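Residue numbering for the sequence shown follows numbering that gives the first Met the number 0, beginning at 0 and increasing consecutively.
Glycine residues also receive a C-beta, built at the ideal position from the N, C-alpha and C atoms.
Quick caveat: nothing in here was measured; it's all calculated off a predicted structure.
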Amino acid sequence: MELREAISSRRSIKKFKRDMYIDESALKEVILEAADAPNHGLREPWRVVYVPKNKLGEMSREISKYAFPKDKEKQESHYEAVTNLGGFLALIMTCDARQREENENYLAIGAFAQNLLLLLYEKGIGTCWKTPDYIFKPKIRTIFGVAPDEKLVGFIYLTDLEDEADFPKVERKNRGILTEYI
């Protein structure tokens with residue numbers, strides 16, 4: 000698959016209604032390859048926590064009790080969706096008290112994440128990037144071992160691509176993004 004094709008074809012897979020499996024060795028290989036992302040000062044301000052399929056239920060139960068403490072229905076819905084996944088990634092960024100470096104770290108983890116999403120797609124693994132409000136809750140941070148000098152920036156749900164044909168290509172709206180300096 001050509002890079003241009005991967006960029007234009009990859010879509011978030013948002014259906015988690017059936018049991019899915021992924022190639023775990025391909026996933027681990029891709030995570031290392033994605034680390035070739037550009038990053039200022041070679042700080043590589045990212046790390047990944049991988050939750051394999053056999054641990055998804057345990058992780059969902061742990062997260063749900065803090066994410067949806069008074070809503071048993073949402074807890075069950077989360078469990079049903081997450082346990083159908085092929086796996087789950089938590090992306091964690093190293094923070095920097097210096098404003099410029101903090102911005103550079105955000106750009107770097109974004110580049111890492113884009114590499115990761117595209118490389119996973121190339122290997123036949125579907126993804127959906129999630130940034131729920133509860134990633135900022137201290138108990139959720141603790142579950143994923145986020146240190147005081149780190150931020151939990153999001154989750155990547157890992158799926159197969161069996162249902163990919165059900166997701167039509169969506170035309171992008173923002174094509175007037177270039178302004179020429181005068």
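key: Outcome for Pro131 when other beta-carbon atoms lying within 10 angstroms are tallied against a minimum of 16   = exposed
Paired residues, beta bridge with Glu28 - DSSP = Answer is none; Glu28 lacks a bridge partner.
ask   = Does DSSP put Ala89 in a helix, in a strand, or in coil?
value = strand
ask   = Thinking just about the alpha-carbon of each residue, which of Gly56, Glu101, Gln98, Phe67 is nearest to the one in Glu187?
value = Nothing about residue 187 can be reported from this structure: the residues present for the chain run from 0 to 181 only.
task = Measure the C-alpha to C-alpha separation of Gln74 and Val81 and round it to an integer number of angstroms.
result = 11 Å
task = Could you give the DSSP three-state label for Phe111: helix, strand or coil?
result = helix
query = Where does Thr141 fall in DSSP's three states?
reply = Residue state, collapsed to three classes: helix.
message = Taking 8 Å as the cut-off, does the stretch 105-122 touch the stretch 55-70 (at least 3 CB pairs, one atom from each stretch)?
response = no
message = Comparing C-alpha positions only, which one of Arg140, Ser76, Leu115 sits nearest to Ser11?
response = Leu115
request  = Note down, in chain order, each residue of its chain lying with its Cβ closer than 6 Å to the Cβ of Lys27, except the 5 sequence neighbours on either side.
outcome  = none
request  = Have a look at Glu161, Arg140, Lys172, Leu157 and flag the residue whose alpha-carbon is nearest the alpha-carbon of Tyr65.
outcome  = Among Glu161, Arg140, Lys172, Leu157, the Cα nearest to that of Tyr65 belongs to Arg140.
ask   = Would a C-beta distance cut-off of 7 Å place Met47 and Ile30 closer than the cut-off?
value = This sequence places Val at residue 47; Met is not what is there. Yes, the pair counts as a contact, with Cβ atoms nearer than the cut-off.
message = Helix, strand or coil, according to DSSP, for Ile155 in the structure here?
response = strand
query = What is the C-beta distance between Leu90 and Gly153, in whole angstroms, given that I count them as a contact (C-beta under 8 Å)?
reply = 5 Å
message = Going by DSSP, what residue range makes up the beta strand (DSSP E) through Gly125?
response = First-last of the beta strand (DSSP E) with Gly125: 125-129.
inquiry  = Rounded to the nearest angstrom, what separates Arg17 and Arg99 at their Cα positions?
reply    = In a straight line, the C-alpha of Arg17 is about 44 Å away from that of Arg99.
request  = Return the chain-ordered list of same chain residues with a C-beta closer than 6 Å to the C-beta of Leu160, the five sequence neighbours on each side being excluded.
outcome  = Gly123, Gly125
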